[in-house]
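One structure below.
Following this line, the structure appears as structure tokens:
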């Protein structure tokens, strides 16, 4: 995954005068680093902190919202938990908040051992047909050289598992306005994780939108216009409160 795949979302936000700033995680898209590998999940958090600080400094007192998709959702949530005063809201799209049961429970339990012995070993591979119900999106995904098409790297997988544990332990501390959305037929990240975080969060303003039958990339589904419109509507309402 990388940020340019969501330029149509940024364009829709721009139509409502909402600016978007994005970056590719290390090892993804146009960023440097071994493809899809991270030694510690906190490396992602440090990168995000630097990026957010720069965006905040360039935009003064304008309301700032943080949106994370898939693994980026886990990164965004963990960052937001430690920087709640920095944001006017948090948005989680098909976030990796719970490992899907389709991924071997045994492999999940052994992830730390495998990562310690062979940290760069490719393990389970994501089936691209579960990315979207739109065949054109799947074809583009499969042919995109900037996307990592191998199996999940052992160390990265173990760090994601550990991150989901941290999220379950700390989600109750979240008090930011929160918008979570997820496809009910997502086979890559588990929608039950989105339900759990929504229920645990202490946010007085929290919303959970489940899209019946949609796959992992709800903003790249045939119904993407409605999904994006709901996102824009949620943002516009919270932005209006800062006017």
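In this note's numbering, the protein residues as written are -4 to 238.
Beta carbons: idealized from backbone N, C-alpha and C, even for Gly.
Contact check, residue i vs residue j, beta carbons under 9 Å
i	j	result
residue 190	residue 209	no
residue 176	residue 86	yes
residue 66	residue 91	yes
residue 36	residue 157	yes
residue 79	residue 205	no
residue 7	residue 224	yes
residue 40	residue 51	no
residue 148	residue 173	no
residue 234	residue -4	no
Coarse secondary structure for residue i, derived from DSSP in three states
i	result
residue 22	coil
residue 82	coil
residue 117	strand
residue 60	strand
residue 29	coil
residue 155	helix
residue 223	helix
residue 148	strand
residue 167	helix
residue 228	helix
residue 160	helix
residue 233	helix
Element boundaries [alpha helix (DSSP H), containing residue i]
i	result
residue 136	130 to 138
residue 74	66 to 77
residue 14	Where residue 14 is concerned, there is no enclosing alpha helix (DSSP H), given that its DSSP letter is neither H nor E.
residue 39	36 to 53
residue -1	Where residue -1 is concerned, there is no enclosing alpha helix (DSSP H), given that its DSSP letter is neither H nor E.
residue 189	186 to 195
Beta bridge counterpart(s) of residue i as assigned by DSSP
i	result
residue 92	None; residue 92 has no bridge partner.
residue 206	178
residue 201	173
residue 87	63 and 175
Cutoff 7 Å; reference residue i; Cβ partners in own chain excluding five residues on either side
i	result
residue 125	182, 183, 210 and 211
residue 217	128 and 129
residue 154	33, 35 and 36
residue 43	70 and 74
residue 214	1, 4, 88, 222 and 223
Own chain, CB closer than 8 Å to residue i, minus 5 neighbours either side, in chain order
i	result
residue 72	63, 85, 87, 90, 92, 162, 166, 169 and 192
residue -2	17, 18, 19 and 24
residue 46	16 and 18
is_contact[residue i, chain B] using C-beta, thresh 9 Å
i	result
residue 19	The question asks about chain B, but that chain is absent: this structure has only one protein chain.
Residues near residue i by beta carbon distance below 6 Å, same chain, minus five either side
i	result
residue 123	133, 136 and 137
residue 185	93 and 95
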